[in-house]
Amino acid sequence: PTWGATVWIYTGEIFPVIVRAQANGIATQTQNVAGLALGYLFPVMLNAWNWKTFYFFLVVNVVASTIVWVFYPESKGVPLEEMDEIFEGRSKRATRAAGTVEVVETGDKK
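Under my numbering, the first residue of the sequence shown carries the number 81, and numbering increases by one thereafter.
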């Protein structure tokens, strides 16, 4: 629920073309279900924990941001056609430095 536009932008890039529509649908519905659960859970947490509830969400956001920063490759400036190669780790990898793409041999050449 706190991912903002991530479900619309990032998931549209990471999946192969053959499953992109289905994967986007699943990701979108997962966000909707999580938002519904959060909508029901938040008042209960706020009633039980008072202001400490906000610290819980702070920790969740810090952990999620760290996971994204460490494990998700930057896709700025990478054509959609090359996304499969980036996420499969075959021949190119996006780097965080200025959103450039550097050639990195990471897998078997076929």
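Quick reminder that beta carbons are idealized off the backbone N, C-alpha and C, glycines included. Here the structure is a predicted model, which means the values were calculated and not measured.
**Prompt:** Would DSSP call Gly84 helix, strand or coil?
**Reply:** Note: Gly84 maps to coil in three-state DSSP.
**Request:** Report yes if the CB atom of Thr91 is closer than 8 Å to the CB atom of Asn104, and no otherwise.
**Result:** Yes, the Cβ-Cβ distance between Thr91 and Asn104 is below 8 Å.
**Item:** Buried versus exposed, by CB contacts within 10 Å (16 or more), Phe95
**Value:** Phe95 should be labelled buried.
**Prompt:** Does DSSP put Phe134 in a helix, in a strand, or in coil?
**Reply:** Phe134 carries a helical assignment under DSSP once its states are collapsed to helix, strand and coil.
**Item:** Contact set for Asp164: own chain, Cβ-Cβ below 7 Å, skip 5 residues either direction
**Value:** Sequence-distant partners of Asp164 (beyond 5 residues in either direction) whose C-beta falls short of 7 Å from its own C-beta, in its chain, are Pro96.
**Item:** Inter-residue CB distance, Glu93 and Ser155 (contact presumed, cutoff 8 Å)
**Value:** Contact flag correct, Cβ pair sits at about 5 Å.
**Residues near Trp129 by beta carbon distance below 8 Å, same chain, minus five either side** = So the qualifying residues of the chain are Phe136.
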